[in-house]
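>
Protein chains in written order, with our numbering: chain U, 1 to 91; chain G, 1 to 265.
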């Protein structure tokens, strides 16, 4: 019994609880699922939307394609697709 | 009298819609309101069982809409509260036996006699759900702190908003504070942030619910024995217009905090 308590204590001291706690995994997964649910897009369609947007934007500006973020926010009675296309730093 | 009709819905099954309906109805009746519960889950009726009224059913909701009996004949008076009534679902028919229009008519007739009409919606988003929400003035969504239940709740909120429900409210059911504290269950703030909806109340997981359902006695009848009973009573008072703070799920004393940090709880 006592050993168990000590091991638990050590685990608590040495692990970063925030990163591994399963509730955070649940929350992140949910947020991703809800993007697709809210705008009724499948993961595949979502990916093509992203690629087509990237293609259009790339015609005019230099986009950092590795850091694109898209999400759907809901505030009261309004929903918005928020897409974030960071620009490449000019050398 | 012009009462208020409230639909209790969730999308996902098994999150506690029927238990919530039975308890809120009983609690509102204990506040001296006239209340009618409608079981809109045609084909899978259960509200009568949770209320312990299954032996008193003579007519059901389908008998009423088909004209086999008058509405008053189908209403079952509760054993304990004489201002509480149940309109049971039919067990041998399916959801198409009632139309949204018929439901609307029924609810508005009942509103003339009652302070509150609570409609227990079936799981799902098909006809049964559409029936249950027609005629309701307000919607309460029941969910639990699980990914699947929250996802379905979000879908239902979207559908309710499309149907013109102004401010749906959510009840978070079956929360386990011990798991929340370990970081293994989403907390209230997480869920409200994700769903972006008004919180009506929180009900802790409570094994007394199983016992009370076994007996067919809503848990609010003995609130001193259970946290869930107290939580449902508080929610009923909030529905009735009282401003009540959220019940704390657990007293977070200094000792407990220290224990948690040191790893003893």
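Think of the CB as a built atom: it goes at the ideal place given N, C-alpha and C, for glycine as much as any other residue.
Under DSSP, the alpha helix (DSSP H) around residue 85 of chain G begins and ends at which residues?
Where residue 85 of chain G is concerned, there is no enclosing alpha helix (DSSP H), although the beta strand (DSSP E) it sits in stretches over 84-87.
> Expressed to the nearest angstrom, what Euclidean distance is found between the alpha-carbon atoms of residue 161 of chain G and residue 89 of chain U?
Residue 161 of chain G and residue 89 of chain U: Cα-Cα distance of roughly 43 Å.
> By the criterion of Cβ-Cβ separation under 7 Å, what are the contact partners of residue 184 of chain G in chain U?
Within 7 Å Cβ-Cβ: 21, 22 and 23.
> Beta carbons nearer than 7 Å to chain G: which residues of the region 25-37 of chain U have them?
Those residues of the region 25-37 of chain U that come within reach of chain G (Cβ to Cβ, closer than 7 Å) are 26, 27, 29, 30, 31, 33, 34 and 37.
> With a threshold of 16 other CB atoms inside 10 Å of the CB of residue 212 of chain G, please say whether the residue is buried or exposed.
The residue is buried, with at least 16 neighbouring Cβ atoms inside 10 Å.
> Let me know if residue 289 of chain G comes out buried or exposed under the rule of 16 or more other beta-carbons within 10 Å of its beta-carbon.
Since the first residue shown for chain G is 1 and the last is 265, residue 289 of chain G is missing from the structure and cannot be characterised.
> On a CA-only basis, which of G:187, G:171 and G:169 is nearest residue 177 of chain G? Give me that one, please.
When only C-alpha atoms are compared, the closest one is G:187.
> Which full runs of the alpha helix (DSSP H) of 4+ residues lie inside the region 202-248 of chain G, going along the chain?
Runs found: 208-215 and 227-239.
> Could you give the DSSP three-state label for residue 138 of chain G: helix, strand or coil?
In the structure shown, residue 138 of chain G sits in a strand (DSSP, three-state: E or B).
> Does the beta carbon of residue 147 of chain G sit closer than 8 Å to a beta carbon anywhere in chain U?
By this cut-off, residue 147 of chain G is an interface position.
> Alpha carbons only, please: which of G:38, G:93 and G:170 is nearest the one belonging to residue 109 of chain G?
When each option's Cα is compared against that of residue 109 of chain G, the closest is G:38.
> Helix, strand or coil: which one does DSSP assign to residue 113 of chain G?
If DSSP states are grouped into helix, strand and coil, residue 113 of chain G belongs with the helices.
> Expressed to the nearest angstrom, what Euclidean distance is found between the alpha-carbon atoms of residue 143 of chain G and residue 59 of chain U?
Their backbone Cα atoms lie some 46 Å apart in a straight line.
> In the DSSP assignment, the beta strand (DSSP E) including residue 38 of chain U goes from what residue to what residue?
That residue, residue 38 of chain U, is in no beta strand (DSSP E); its alpha helix (DSSP H) goes 22-39.
> Can you give me the Cβ contacts of residue 74 of chain G inside the same chain, cut-off strictly under 8 Å, excluding the 5 residues immediately before and after it?
Cβ neighbours of residue 74 of chain G beyond the five flanking positions: 58, 59, 60, 61, 63, 64, 87 and 88.
> Tell me the rounded alpha-carbon separation between residue 80 of chain U and residue 148 of chain G.
Each residue's alpha carbon lies about 23 Å from the other.
> Is it buried or exposed for residue 210 of chain G, if we count other Cβ within 10 angstroms and need 16 for buried?
Residue 210 of chain G is exposed by the Cβ-count criterion.
> Looking at residue 23 of chain G: is its Cβ nearer than 8 Å to the Cβ of residue 171 of chain G?
Going by C-beta atoms, residue 23 of chain G is not nearer than 8 Å to residue 171 of chain G.
> Give me, in chain order, the residues of the same chain whose beta-carbon lies closer than 7 Å to that of residue 77 of chain G; leave out the 5 immediate sequence neighbours on both sides.
Excluding positions up to five away in sequence, the list reads 85.
> Do the CB positions of residue 68 of chain U and residue 87 of chain U come within less than 8 Å of each other?
Cβ distance not < 8 Å, so residue 68 of chain U and residue 87 of chain U don't count as in contact.
> Can you name the residues that DSSP bridges to residue 39 of chain G?
In the DSSP output, where bridge partners are listed per residue, residue 39 of chain G has G:120.
> Any contact between the region 4-14 of chain G and the region 114-129 of chain G? By contact I mean 3 or more CB pairs, one from each, below 8 Å.
Yes, they touch.
> Quick check: is the beta carbon of residue 196 of chain G nearer than 8 Å to any beta carbon in chain U?
Answer yes: the Cβ-Cβ gap between residue 196 of chain G and chain U drops below 8 Å somewhere.
> How about residue 26 of chain G and residue 50 of chain G: do their beta carbons lie closer than 8 Å?
In this structure, residue 50 of chain G does not lie closer than 8 Å to residue 26 of chain G by Cβ.
> Buried or exposed for residue 55 of chain G, please, with buried defined as at least 16 other CB atoms from any protein chain shown within 10 angstroms of its CB.
Classification for residue 55 of chain G: exposed.
> For residue 32 of chain U, count the other beta carbons within 10 Å of its own beta carbon; 16 or more makes it buried, fewer makes it exposed. Which is it?
With fewer than 16 other Cβ atoms within 10 Å, it is exposed.
> So for residue 62 of chain U, helix, strand or coil by DSSP?
If DSSP states are grouped into helix, strand and coil, residue 62 of chain U belongs with coil.
> Under the DSSP definition of a beta bridge, which residues are partnered with residue 74 of chain U?
U:79.
> As a quick exercise: from U:82, U:78, U:54 and U:72, pick the residue whose alpha carbon is nearest that of residue 30 of chain U.
Comparing Cα positions, the closest option is U:72.
> Excluding sequence positions up to five away, which residues of its chain have a Cβ less than 7 Å from the Cβ of residue 191 of chain G?
Within the same chain, residue 191 of chain G has close Cβ partners 145, 150 and 172.
> Provide the residue span of the beta strand (DSSP E) that contains residue 169 of chain G, from first to last.
169-175 is the extent of the beta strand (DSSP E) around residue 169 of chain G.
> Please classify residue 69 of chain G as buried or exposed, where buried requires at least 16 neighbouring CB atoms within 10 angstroms.
Exposed is the call here.
> Residues of chain U with CB closer than 7 Å to the CB of residue 155 of chain G, please, in chain order.
Residues of chain U passing the Cβ test: 37.
> For residue 147 of chain G, report the span of its beta strand (DSSP E) as first-last.
Not the beta strand (DSSP E): residue 147 of chain G falls in the alpha helix (DSSP H), residues 147-162.
> Provide the residue span of the alpha helix (DSSP H) that contains residue 20 of chain G, from first to last.
Residues 17-30.
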